[in-house]
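Participant: For the sequence shown, the positions run 13 to 457 when the working numbering is used. One structure coming up, written as structure tokens, with questions to follow.
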Amino acid sequence: MNVEKIMQDLERRNPGEKEFLQAAHEVLESIEEVYNANPKFGEANIIERLLEPDRTIIFRVAWVDDNHKVHVNRGIRVQYNNAIGPYKGGIRFHPSVNLSILKFLGFEQIFKNSLTSLPMGGGKGGSDFDPKGRSDQEIMRFCQAYIAELEKYLGPDTDVPAGDIGVGAREVGYMYGMYKKLRNEHTGVFTGKGRSFGGSIMRPEATGFGVVYFTNEMLKAKNIDIKGKTVAISGFGQVAWGAALKATELGAKVVTISGPDGYIYDEAGISGEKIDYMLELRSSNNDVVAPYAEKFAGSKFVAGKRPWEAKVDIALTCAFQNEMSGEDAKQLVDNGVICVSEGSNMGCTPEAIKTFQDAKVIFGPGKAANAGGVATSGLEMSQNTLKLSWSAEEVDEKLKTIMVNIHKACVQYGEREDGYIDYVKGANIAGFMKVAEAMLAQGVI
Ligand code: 2IT
13 MNVEKIMQDL ERRNPGEKEF LQAAHEVLES IEEVYNANPK FGEANIIERL LEPDRTIIFR
73 VAWVDDNHKV HVNRGIRVQY NNAIGPYKGG IRFHPSVNLS ILKFLGFEQI FKNSLTSLPM
133 GGGKGGSDFD PKGRSDQEIM RFCQAYIAEL EKYLGPDTDV PAGDIGVGAR EVGYMYGMYK
193 KLRNEHTGVF TGKGRSFGGS IMRPEATGFG VVYFTNEMLK AKNIDIKGKT VAISGFGQVA
253 WGAALKATEL GAKVVTISGP DGYIYDEAGI SGEKIDYMLE LRSSNNDVVA PYAEKFAGSK
313 FVAGKRPWEA KVDIALTCAF QNEMSGEDAK QLVDNGVICV SEGSNMGCTP EAIKTFQDAK
373 VIFGPGKAAN AGGVATSGLE MSQNTLKLSW SAEEVDEKLK TIMVNIHKAC VQYGEREDGY
433 IDYVKGANIA GFMKVAEAML AQGVI
């Protein structure tokens, strides 16, 4: 394959889809060498077949707000690739959602899910619906309207959605409820469900826990102890919350969280009731972190800025794609950062990743670092199929093992001669190999 030629073709066929083109370019660059060394991939044109989603469903979502006003949003589900299992991936509700963003997320999900070693294909869905400030009734009506259309394309062995930004247990509950009513069946077609109806213990914590387990593996590979290290976390949602819990438990000190309004710096460390307070902030539905500084003395709120200007040992992006720029990365490097991991999907721009890798800062890409979330979704699917429920210890043990194995796979394909581990390359190649082998075995379809 010729990366430049493929990119030109992709740009022509997907004009303006910058997030998708960015995600595709990263994978192409990483796998080029192994792809060209194995002529069987080129002969079957695996790469072009992988880049084109199996199908994309786009639909109107009409709903009525509390003031009886009728709204129309766009619903999308990208069923990207099911070579190794049913389509699997979250649903995002955010005003920025468009086809490019869902294609980038769906494409990344193929490799991430492959890395988990569980049988899950890649997909992603969402809507440009903005949950901010909406009442519970409005959220419910929107979720029901969304799933009333998407229902026909889902199934426990076909496509299994979950949450993502703007979609948590409440939204999954409403969508699953409508799905169940329409199908008259109680098959676990969503993951991230409530515990009382088939949800897995630990799913809410899983992405954040997994990010810290993976970060800890990367540090251990360089004989660095996470204990006593300072950590900057962005975001204050489920991923940030889980990461703060686990990092604190392992003896690190979390000093920042952030929202669209700015960031909180808390030198004493965000632990205990301060972590619980993140959930309270989230449930207010206002999407701000500023109230934290009013509640906890000694902390400060920095308006309109991102947490990457803080001097820390470890930085974890847990908010949004491209939330860390090359400039942010340079600042972190100048401040002596030793390790950066993506809890958010594609949290760092290509310039930021290059800055870290050039400075030999340990860098964990989202596909590997945040795979604990979807891995635990895979465990939820297993429990639903088996019609039983595992304990927290069982789920946590499995999650830990999965993260350790993902780390091993990344090292296998990403270790350079100078000893630096290129986790981006490692994750992309390891994820790709399994999917490519499955596609080869299944013929041209
Ligand atoms: O980005 C992700 O991996 C998720 N939003 C979770 C997907 C899932 O199916 O649990």
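No residue lacks a Cβ here, since even glycine has one placed at the ideal position from N, Cα and C.
1. How should P107 be labelled, buried or exposed, when 16 other C-beta atoms within 10 angstroms of its C-beta is the threshold for buried?
2. Within the same chain, show all residues whose beta-carbon is closer than 8 Å to that of Y432, passing over the 5 residues directly before and after it, in chain order.
3. Suppose contacts are defined by Cβ-Cβ distances below 8 Å. Is K437 in contact with S147 by that definition?
4. For Q454, which three-state DSSP category applies?
5. Would I269 and G284 be called neighbours here (beta carbons separated by less than 8 Å)?
6. Count the other C-beta atoms from every protein chain shown that fall within 10 angstroms of the C-beta of K124, then say buried if there are 16 or more, exposed otherwise.
7. For T413, which of helix, strand or coil comes out of DSSP?
8. List the residues that DSSP assigns as beta-bridge partners of D278.
9. Going by Cα to Cα distance, which pick from G385, M445, D430 is closest to A174?
10. Quick one: what does DSSP say V324 is sitting in, helix, strand or coil?
11. Consider the C-beta atom of N196 and the heavy atoms of the ligand 2IT; say whether any pair is separated by less than 7 Å.
12. With distances taken Cα to Cα, identify the nearest neighbour of V84 among Q91, W75, K239.
13. Tell me the DSSP secondary structure of Q91 in three-state form.
14. Go ahead and pull the three-state DSSP assignment for C330.
15. So, M128 versus I365, is the Cβ gap smaller than 8 Å?
16. Could you give the residue range of the beta strand (DSSP E) that holds E292?
17. Determine the closest residue to E161 out of M132, G87, K136, D176, with distance taken between C-alpha atoms.
18. For L257 and I287, I'd like the C-alpha separation in whole angstroms.
19. For the beta strand (DSSP E) containing N171, name the first residue and the last one.
20. Hey, D273 and V301: beta-carbon distance below 8 Å or not?
21. Rounded to the nearest angstrom, how far is the Cβ of V345 from that of T367, given a contact under 8 Å?
22. Would you mind reading off the limits of the beta strand (DSSP E) that contains A244?
23. Thinking D326 and A264 are a contact (beta carbons under 8 Å), I'd like their distance in whole angstroms, please.
24. Does the Cβ of Q121 have 16 or more other Cβ atoms within 10 Å, making it buried, or fewer, making it exposed?
25. Given a threshold of 16 other Cβ atoms within 10 Å of its Cβ, counted over all protein chains shown, does H419 qualify as buried or as exposed?
26. Grab me the residues of G178's own chain with a C-beta within less than 7 Å of its C-beta, minus the 5 sequence neighbours each way, in chain order.
27. Please look up how many angstroms separate the CB atoms of E64 and M13, rounded, as I've assumed it's under 8 Å.
28. Based on Cα-Cα distance, which residue from F209, T170, K164, Y165 lies nearest to V184?
29. Confirm the yes/no value for this check: CB of S389, any heavy atom of the ligand 2IT, distance under 7 Å.
30. Along the chain, where does the beta strand (DSSP E) containing E354 start, and where does it finish?
Facilitator: The answer reads as follows:
1. On the sequence shown, position 95 is the one that residue 107 refers to. Exposed: under 16 other Cβ atoms inside 10 Å.
2. Indexing the sequence shown from 1 puts residue 432 at position 420. Q369, K372.
3. Residue numbering aside, residue 437 sits at position 425 when the sequence shown is read from its first letter. Residue numbering aside, residue 147 sits at position 135 when the sequence shown is read from its first letter. Not closer than 8 Å, so no.
4. Here residue 454 corresponds to residue number 442 of the sequence shown, with the count starting at 1. Q454: coil per DSSP, three-state reduction.
5. Counting from one through the sequence shown, the residue named residue 269 turns up at place 257. Counting from one through the sequence shown, the residue named residue 284 turns up at place 272. It is not a contact, given that the beta carbons lie outside the stated cut-off.
6. To locate residue 124, count along the sequence shown from 1; it is residue 112. That one is buried.
7. Position 401 of the sequence shown holds residue 413. Helix at T413.
8. Here residue 278 corresponds to residue number 266 of the sequence shown, with the count starting at 1. S311, per the DSSP bridge assignment.
9. Here residue 174 is taken as the residue at index 162 of the sequence shown, counted from 1. Selected option, being the one with the closest Cα: G385.
10. For this step, residue 324 is matched to residue 312 along the sequence shown. Note: V324 maps to coil in three-state DSSP.
11. Counting from 1 along the sequence shown, the entry for residue 196 is found at position 184. It does not: the Cβ of N196 is nowhere closer than 7 Å to a heavy atom of the ligand 2IT.
12. The sequence position of residue 84 within the sequence shown is 72, counting from 1. Per the Cα distances, W75.
13. Translated into the one-based positions of the sequence shown, residue 91 becomes position 79. In the structure shown, Q91 sits in a strand (DSSP, three-state: E or B).
14. By 1-based counting over the sequence shown, the position of residue 330 is 318. The answer is coil: DSSP assigns C330 none of H, G, I, E or B.
15. As a working note, residue 128 is residue 116 in the sequence shown. As a working note, residue 365 is residue 353 in the sequence shown. Per the sequence presented here, residue 128 reads as Thr, with Met not at that position. Contact flag unset, no.
16. Locating residue 292 in the sequence shown gives position 280, counting from the first residue. Unbroken run through E292 is the alpha helix (DSSP H), 285-295; no beta strand (DSSP E).
17. The residue given as residue 161 occupies position 149 in the sequence shown. Selected option, being the one with the closest Cα: G87.
18. Position 245 of the sequence shown, counting from 1, holds the residue named residue 257. Position 275 of the sequence shown, counting from 1, holds the residue named residue 287. Spanning the two alpha carbons is a distance of roughly 7 Å.
19. Here residue 171 refers to the residue found at position 159 of the sequence shown. Note that residue 171 corresponds to Asp in the displayed sequence, not to Asn. Note, D171: beta strand (DSSP E), 171-174.
20. Residue mapping note: residue 273 aligns to position 261 of the sequence shown, counting from 1. Residue mapping note: residue 301 aligns to position 289 of the sequence shown, counting from 1. Yes, they are a contact pair.
21. In the sequence shown, counting from the first residue as 1, residue 345 sits at position 333. In the sequence shown, counting from the first residue as 1, residue 367 sits at position 355. Rounded, the Cβ-Cβ distance is 6 Å, consistent with contact.
22. As a position in the sequence shown, residue 244 is number 232, starting the count at 1. Segment 242-245, the beta strand (DSSP E) holding A244.
23. The residue labelled residue 326 in the question sits at position 314 within the sequence shown. The residue labelled residue 264 in the question sits at position 252 within the sequence shown. Contrary to the premise, residue 326 reads as Ile rather than Asp in this sequence. So it is a contact: roughly 7 Å between Cβ atoms.
24. The residue you call residue 121 lines up with position 109 of the sequence shown. Flag for Q121 reads buried.
25. For the purposes of this step, residue 419 is identified with residue 407 of the sequence shown, where counting begins at 1. It counts as buried.
26. Here the question's residue 178 lines up with position 166 in the sequence shown. Cβ within range, chain order: R104, F105, H106, P143.
27. Position 52 of the sequence shown, counted from the start, is the residue given in the question as residue 64. Position 1 of the sequence shown, counted from the start, is the residue given in the question as residue 13. So it is not a contact: roughly 15 Å between Cβ atoms.
28. Residue numbering aside, residue 184 sits at position 172 when the sequence shown is read from its first letter. Ranking the options by Cα distance to V184, first place goes to F209.
29. Here the question's residue 389 lines up with position 377 in the sequence shown. Yes, the beta carbon of S389 sits closer than 7 Å to at least one heavy atom of the ligand 2IT.
30. As a position in the sequence shown, residue 354 is number 342, starting the count at 1. Element bounds for E354: 351-354.
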